[in-house]
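FYI, in this note's numbering the residues of the sequence shown are 8 to 121.
The beta-carbon is built from N, C-alpha and C at its ideal position, and this holds for glycine as well.
Every value quoted in this text rests on a predicted model; they were computed, and no experiment measured them.
In what follows, a structure is listed as structure tokens, so that the remarks can point back to it.
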Amino acid sequence: FMIQAIFMTAVGFTHDAVAAISCLTVAIGVGGLAWSGFSVNHLDIAPQYASLLMGVSNCIATIPGIVSPSVVGQLVQHKLSTEWQMVFFIAAGVYLFGAIIYAVFASGELQSWA
């Protein structure tokens, strides 16, 4: 998630379409790597409840996707580059928040309740 945050921040600072698309491509591509890495974590911590944990975590992870169109609509009123810059900074902040939460609370150890 850290690399995604870096490249989303870079999109906010670039004024070149090719550079912006390249940064977005890297950010989204690295996101696929991150998903493949942590999505198996449910099996590590609670094999018996992995499907339930995946369902709950995916429901929570969907919230930004539900909220983001409204947020972008409110932020981007005049289609200025500074407005879009805020959108990409918020996206980077969401990625950074996820990285910090995962780094602090994630474990690969089988949980006692599992």
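Taking the alpha carbon of residue i as the point to measure from, which residue in the options has its own alpha carbon closest?
i: Thr-32; options: Ile-10, Ile-52, Asp-51 and Ser-43; result: Ile-10
i: Glu-116; options: Ala-53, Phe-45 and Ala-98; result: Ala-53
i: Ala-34; options: Ala-99, Ser-114 and Ser-64; result: Ala-99
i: Val-47; options: Ile-28, Ser-64 and Val-111; result: Ser-64
By DSSP, does residue i sit in helix, in strand, or in coil?
i: Val-83; result: coil
i: Glu-90; result: helix
i: Ser-29; result: helix
i: Ser-114; result: coil
i: His-49; result: helix
i: Trp-120; result: coil
i: Phe-8; result: coil
i: Thr-69; result: helix
i: Thr-16; result: helix
Determine, for residue i, whether the minimum Cβ-Cβ distance to residues of chain B falls below 8 angstroms.
i: Thr-21; result: Considering every chain present, this structure includes no chain B. It has just one protein chain.
Is the region 67-81 touching the region 39-59, taking contact as three or more C-beta pairs under 8 angstroms?
no
Between the region 10-22 and the region 77-86, do at least 3 Cβ pairs fall closer than 8 angstroms?
no
Taking one C-beta from the region 87-99 and one from the region 17-28 each time, how about it: are there three or more such pairs within less than 8 angstroms?
yes
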